[in-house]
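Novice: Mind looking over this structure? Questions follow.
2 protein chains.
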Amino acid sequence: MTEIRPLSPPVGATGDALVIFTPSGKRGRFPIGTPVLTAARQLGVDLDSVCGGRGICSKCQVTPQFGEFPKHGVSVSADALSPWNAVEERYDRIRGLPEGRRLGCQARIEGDIVIDVPPESQVHRQVVRKAASEREIVMDPATHLHVVEVAEPDMHEPRGDLERLADALKEQWGVERVTAPLPVLAKLQQALRKGEWQATVALWRGDEGPAKVLDIWPGFHEGRIYGLAIDLGSTTIAAHLTDLRNGTVKASAGVMNPQIRFGEDLMSRVSYAMMNPGGDREMTAAVRTAIDGLAQGLAAEAGIAARDILEIVFVCNPVMHHLLLGIDPVELGQAPFALATSASMSLEARDLGLGQVNEAAQVYVLPLIAGHVGADAAAVALSERPDQSEDLVLTVDVGTNAEILLGDRSRVLACSSPTGPAFEGAQISSGQRAAPGAIERVEIDPATKEPRFRVIGSPLWSDEAGFAESIPGTGVTGICGSGIIEVVAEMRLAGLLDAGGLIGSAEQTGTPRCEPQGRTNSYLLWDGTAQGGPRISVTQGDIRAIQLAKSALYAGARLLMDEMGVDHVDRVTLAGAFGAHISPKHAMVLGMIPDVPIDKVQSAGNAAGTGARIALCSVAARREVEQLVSRITKIETAIEPRFQEHFVAANAIPHATDPFPNLLAEVTLPHVAFNAGGGEGRRRRGR
Amino acid sequence: MTEIRPLSPPVGATGDALVIFTPSGKRGRFPIGTPVLTAARQLGVDLDSVCGGRGICSKCQVTPQFGEFPKHGVSVSADALSPWNAVEERYDRIRGLPEGRRLGCQARIEGDIVIDVPPESQVHRQVVRKAASEREIVMDPATHLHVVEVAEPDMHEPRGDLERLADALKEQWGVERVTAPLPVLAKLQQALRKGEWQATVALWRGDEGPAKVLDIWPGFHEGRIYGLAIDLGSTTIAAHLTDLRNGTVKASAGVMNPQIRFGEDLMSRVSYAMMNPGGDREMTAAVRTAIDGLAQGLAAEAGIAARDILEIVFVCNPVMHHLLLGIDPVELGQAPFALATSASMSLEARDLGLGQVNEAAQVYVLPLIAGHVGADAAAVALSERPDQSEDLVLTVDVGTNAEILLGDRSRVLACSSPTGPAFEGAQISSGQRAAPGAIERVEIDPATKEPRFRVIGSPLWSDEAGFAESIPGTGVTGICGSGIIEVVAEMRLAGLLDAGGLIGSAEQTGTPRCEPQGRTNSYLLWDGTAQGGPRISVTQGDIRAIQLAKSALYAGARLLMDEMGVDHVDRVTLAGAFGAHISPKHAMVLGMIPDVPIDKVQSAGNAAGTGARIALCSVAARREVEQLVSRITKIETAIEPRFQEHFVAANAIPHATDPFPNLLAEVTLPHVAFNAGGGEGRRRRGR
């Protein structure tokens, strides 16, 4: 009985009925005739309503339960709810009410009852499920739809329509202060009159300021409102069009960042801005145009109007952040890598010149962690919450820059490491982006030194029957990032590569696939010339590029471990679109990441994108990530002498000086040493 | 001794010196060596400083007083202040320090002293002096310049430049929360580095939200910041370019409202919007372009950069308000005359597409009183403050619509009355706008019925020698609004017009200047045909137009008096550019305004423009006008049957049914009655 709220009189004292809501278990006593929605609201049960109980939105659907409920100590008779009324009849006739459902605002309590609130009727339903961290993200978007009845104008009390709308929102929805931007003011009067003084407003409450009307529709607006979660990367702009009422992703798309024509990596774009007056503005315009196109494309794909996109959340690295906002990134190209601003930002889409989405659309940009550690890393932190981890977790978002987070409940450290674009297939002789035809998985037989591989777009291995026919389009075209990692690791495992990274000759390795190339050797992975395709080899240069990239990544992780005062981590999370495709075993053979049991290496998929979605769906999450970022300890790799030491020491695959040799239980790295004709290998090995 | 602040120990207890500031009279004891600025701040003395005591802005100049001051009970020796220091020497060498002046931040207290703060060193100096109401407006602008020293970036604490600027503003100027719009973020980093981490910011604190950085300059910014006070009228857009540091008007200009091509008066513009799809947007674009041009022109005239205009305040009638903001004014053309919004607004200039002023310039729009009583009337109320008047004051802003305020400390009423454009010279046969060549003053000899007049641009009366040569340009061109009022009143006084407004014939009046025109007569004021000029007559139609206009004005005033339950007012204030030129005597003869002693009729000049300037110079005044408007009782003339009654009854000049015949002590209106050939005069008289 202690669950009964004090406001409800005890059983039997009045004619009140006991009402129990599931799954929350909230219960209370209410006078006969109380609408279910009213009871739910008084008990704080999470039952949705857009129309505020006017019987028009149907968001408050509930499933009454009848019969005996010993668990709840209640018996529910068939007449415990009022019969269907005209509103429900009409709704069912026009739209159809699922079997067993009632409208919470119409059904009235007539006796003790158990009422189930189905997931789709919950406002704060869980949308982003994080299996790894066992954490649930519940809907708490900044923008909600509300139906309001607005008082008609009165010449004797000549306040404006907006002021009367504000009164209605205060009275009917408890909204204290309301503003409306000019585009909404421009359509306000017509909407109110067309809807005969009933309207649906999209109300944004994203900060502590007044609530903002983002849009208004006459009467009850049947439509939905949407948001874009955008992961603005140096290479790719990925966006998820998300239903702001339930968090559902309606469409996702990625486009190339058009800034690539100004520079492949971030630093070359900074250089472009430095060398070309107005170059930053060119790049800003290019990326904004691309975002506009992405918004339009996603809206078309989902069959919605781009004008119904009311919010955009951005995550991006610091250079992209500044270029998006129209800030010259020149300071990010040199120590001390000073950001123009590091805090999160709330803007309007038109501030960014975005013209496809709603005129009043709101933008939220996640905070930056440091000059080299961006809002994308903050988004990874929001998605993965290392600060809530019991064990010590290393989170690595692999890209042109790797963002690295190390931490647990006590402390989180962050740094960025300049891995370069090798992991993305750039600067690799046969490298290419992950696309159909790209080699993504590789195995090399340690005995025969013969390779087999799979390409994106085909389910078959290259030595399986029908492989050639199974490849889409142009056949085998190159090697993508995950393929590069696997082939280099496999070459090391097969004894084709020594610990210093030198490729052996045909004589040294015993396979004609090792071919001389200048003063070094290369390994022939695939010869497609007979079919008019490419000859795909791994060159000594490719190995060096991968060594540089993996050394940078490893050195960053080690630097954080030094700072944390630990010599091992409990688990590793690989984030990023690329991270999701990396084979943990090969990454460890290569020495990209510190040694952990292989089952402790998880992929978080596009964690930055997930973080963006979480921030899009939850105002509370925005406040959380702002708090979290302020608590993260930032380590600047560029000024840490130990970074250079770790970087040099991490060059080998593996190397003896590393206290954490990347030796997996099931892997024995061969003891191989080659002496190539040229000096390059010797110089490296001589270190 | 009671004036000494408790924090200061008593005389003689320590070596502290007594410091007395004039004109405030504030006094206190301070340790020897205390800078004058520090003492002033601790005592709350109004002593300006932009640089915060760094010796670079020279705003804190004071004039120490030496000798005996029996009134203050103190004797000041010549060494009561520290000698000039190097900073003062340098400042005097480069810029010149006026005789007797010291820099308050450099001069240190060495003994008991009296220190005068000259007006130009006071922040809150009086700028708009309202002789009529004995009220002073003191500078309290939303935007101030502040010099700050910002911490250099630190890679170990990688917060953004904006965050470190915010820290500096908090620490050095007590500003709690700071934001910066994107245009400022785009120039922030360069400004801080160029100024070697010293910068001057223009900080806007116009509402309860965070302070906003509107602009930033490297080091100490020698320049000034400006605001525009704009009175956006149906016919004319008048703007005052104002120095935001001291309220000085640097330049003023008016341009024709380009919307005139869409309709001469407001209702025809509303009709244009109703009849032409997109017509409201055309008009919005036209007025915004004109404002841009005005800003540019004023900046050029004052020799400043338009980018240094950081604030704009608008006052305007409701239709202009909506058209400025991009809101279709269609609802204002029909009952219930519903405003889209009535509250004051804070916007950014770019929201209005204004591109000449600073990119981050802030806009404040005064609140509207009702659907027909605009922000211009609110501005008149702010300027005239009827709510602070001990006696009952009727304030009339005469234009195409007359805004009428009636009130005293107990209550203020407001209405608008559709006078039409006759008072502005439109719809008058020889009417014209007030411009050189327009007749503005008229006298008619009651004996000879001969007129004499003065035209704008000449100091001579028309019967004085050299008059013809003294007129600029094209000679006498027409009659402006004030001339029309005078000529009609003079015709009535000279017996050329009967109480019903009928012009007598030549026989009836005994002057050949009364000429037949159709079935009525006209009065020839000036025949310029011999010189190739116009023949300027007052026609019966002109008289009717003026009668309609004055009846509307009078009826509005009477409606408010009815509502207030009074049958007389204590004083009348005529506002508006036109109001300033009306002769009170003639206005009363005509019956435009209720009877009051003629010395109780005052001109407030362009009170709406003054109200705009006050709001530009004072944030407190913005809050005051918002409060004031919320307390004003609005009367809608269009739905008050008594308005029609008063309107009809007020047609005569004067007429018997009026309980307040417009009889001045010194004026005896002749008993005249004409019977014209046509029926029009008879019909009117028959009422």
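Line order of the protein sequences matches chains A and B.
According to the working numbering, the first sequence is numbered sequentially starting from 0.
According to the working numbering, the second sequence is numbered sequentially starting from 0.
For each residue, glycine too, the CB sits at the ideal point set by N, CA and C.
Quick one: grab the DSSP three-state call for G477 of chain A.
Specialist: Strand at G477 of chain A.
Novice: So V624 of chain B packs on I535 of chain B, CB below 8 Å; how close in whole Å?
Specialist: Actually they are not in contact, since the Cβ atoms of V624 of chain B and I535 of chain B sit about 42 Å apart, beyond 8 Å.
Novice: Please report the distance separating the alpha-carbon of C513 of chain B from that of G232 of chain B.
Specialist: In a straight line, the C-alpha of C513 of chain B is about 37 Å away from that of G232 of chain B.
Novice: Sorted by chain position, which residues of the same chain lie with C-beta nearer than 7 Å to T636 of chain B's C-beta, five sequence neighbours on each side aside?
Specialist: Cβ neighbours of T636 of chain B beyond the five flanking positions: C414, S415, S416, G555, L558 and F642.
Novice: Which of the residues in the stretch 195-214 of chain B, read from start to end, lie with their CB under 7 Å from any CB of chain A?
Specialist: Result list: G208.
Novice: Can you give the Cα-Cα distance for I55 of chain B and E195 of chain B, rounded to whole angstroms?
Specialist: So the alpha carbons of these two residues sit roughly 15 Å apart.
Novice: Among A:Q60, A:A250, A:K58 and A:F68, which one has its Cα closest to the Cα of G24 of chain A?
Specialist: Measuring from the Cα of G24 of chain A, the nearest candidate turns out to be A:F68.
Novice: Considering only the alpha carbon of each residue, which of B:V113, B:I631, B:V75 and B:T473 lies closest to G527 of chain B?
Specialist: The shortest Cα separation from G527 of chain B among B:V113, B:I631, B:V75 and B:T473 belongs to B:T473.
Novice: Identify the residues that DSSP records as bridge partners of F20 of chain B: which are they?
Specialist: Note: F20 of chain B sits in a beta bridge opposite B:I114.
Novice: Can you tell me the Cα-Cα spacing of L80 of chain B and A579 of chain B, whole angstroms?
Specialist: For L80 of chain B and A579 of chain B, the distance between alpha carbons rounds to 51 Å.
Novice: Apart from the five residues on each side of it in sequence, which residues of its chain come closer than 6 Å, Cβ to Cβ, to G456 of chain A?
Specialist: The residues are P435 and P471.
Novice: How about S74 of chain A: is its C-beta nearer than 8 Å to some C-beta of chain B?
Specialist: By this cut-off, S74 of chain A is not an interface position.
Novice: Would you please state the rounded distance, in angstroms, between the beta carbons of L191 of chain A and N400 of chain A? I believe it to be under 8 Å.
Specialist: In fact, because the Cβ distance is near 50 Å, the residues do not count as touching under 8 Å.
Novice: Kindly give me the distance between the Cβ atoms of G292 of chain A and V254 of chain A, rounded to whole angstroms, as I take these residues to be in contact under 8 Å.
Specialist: 7 Å between Cβ atoms; contact.
Novice: Please list the partners that F336 of chain B has in chain A, where partner means a Cβ-to-Cβ separation under 9 Å.
Specialist: The answer, in chain order, is P152, M154 and P157.
Novice: Give me the chain B residues within the contact set of I638 of chain A, using Cβ-Cβ distance strictly less than 8 Å, ordered along the chain.
Specialist: Within chain B, the residues near I638 of chain A are M154.
Novice: Determine, using beta-carbon pairs with one atom in the stretch 361-380 of chain B and one in the stretch 604-621 of chain B, whether at least three such pairs fall under 8 Å.
Specialist: The stretch 361-380 of chain B is in contact with the stretch 604-621 of chain B.
Novice: For F313 of chain B, count the other beta carbons within 10 Å of its own beta carbon; 16 or more makes it buried, fewer makes it exposed. Which is it?
Specialist: Counting Cβ neighbours within 10 Å, F313 of chain B comes out buried, since at least 16 surround it.
Novice: Check each candidate in B:L391, B:G532 and B:D91 and name the one with the smallest Cα separation from M563 of chain B.
Specialist: Considering only alpha carbons, the answer is B:L391.
Novice: Establish whether the CB of I311 of chain A and some CB of chain B are separated by less than 8 Å.
Specialist: Cβ-Cβ to chain B under 8 Å: no for I311 of chain A.
Novice: Applying the criterion that 16 or more other CB atoms from any shown protein chain within 10 Å of the CB defines a buried residue, is H567 of chain A buried or exposed?
Specialist: Exposed, because fewer than 16 other Cβ atoms sit within 10 Å of the Cβ of H567 of chain A.
Novice: Check whether the Cβ atoms of V571 of chain A and I592 of chain A lie closer than 8 Å to each other.
Specialist: Against a cut-off of 8 Å, the Cβ pair of I592 of chain A and V571 of chain A comes out as a contact.
Novice: Per DSSP, which one or two residues make a beta bridge with F646 of chain A?
Specialist: Note: F646 of chain A sits in no beta bridge, so no partner.
Novice: Evaluate I93 of chain B with the Cβ neighbour count: other Cβ atoms within 10 Å of its Cβ, from every protein chain shown; 16 or more gives buried, anything less gives exposed.
Specialist: Exposed, because fewer than 16 other Cβ atoms sit within 10 Å of the Cβ of I93 of chain B.
Novice: Hey, out of B:A586, B:K549, B:A493 and B:G246, whose CA is closest to V618 of chain B's CA?
Specialist: Minimum Cα distance to V618 of chain B is reached at B:G246.
Novice: For G555 of chain A, does the three-state DSSP call read helix, strand or coil?
Specialist: Of the three classes helix, strand and coil, the one that applies to G555 of chain A here is helix, per DSSP.
Novice: So, using beta-carbon positions, are F577 of chain A and F422 of chain A closer together than 8 Å?
Specialist: Contact: yes.
Novice: Are L501 of chain A and F336 of chain A touching if we call contact CB-CB under 8 Å?
Specialist: Going by C-beta atoms, L501 of chain A is not nearer than 8 Å to F336 of chain A.
Novice: Under the DSSP definition of a beta bridge, which residues are partnered with N275 of chain B?
Specialist: Paired residues: none, contrary to the question.
Novice: Does the stretch 377-389 of chain A come close enough to the stretch 320-328 of chain A to have 3 or more Cβ pairs within less than 8 Å?
Specialist: The stretch 377-389 of chain A vs the stretch 320-328 of chain A: no contact.
Novice: What three-state label does DSSP hand M344 of chain A in the structure shown?
Specialist: Three-state result, M344 of chain A: strand.
Novice: From the DSSP secondary-structure annotation, give me the bridge partner or partners of T519 of chain A.
Specialist: DSSP output for T519 of chain A lists A:Q516 as bridge partner(s).
Novice: So is S409 of chain B buried or exposed if we call it buried at 16+ other beta carbons inside 10 Å?
Specialist: By the neighbour-count rule (16 or more Cβ atoms within 10 Å), S409 of chain B is not buried but exposed.
Novice: List the endpoints of the continuous beta strand (DSSP E) containing R223 of chain B.
Specialist: It is not in any beta strand (DSSP E) - R223 of chain B carries neither H nor E in the DSSP assignment.
Novice: Going by DSSP in three states, K186 of chain A sits in which element: helix, strand or coil?
Specialist: Here K186 of chain A sits in helix by DSSP.
Novice: Closest by CA to E489 of chain A, which one among A:R518, A:R622, A:A586 and A:G424?
Specialist: When each option's Cα is compared against that of E489 of chain A, the closest is A:A586.
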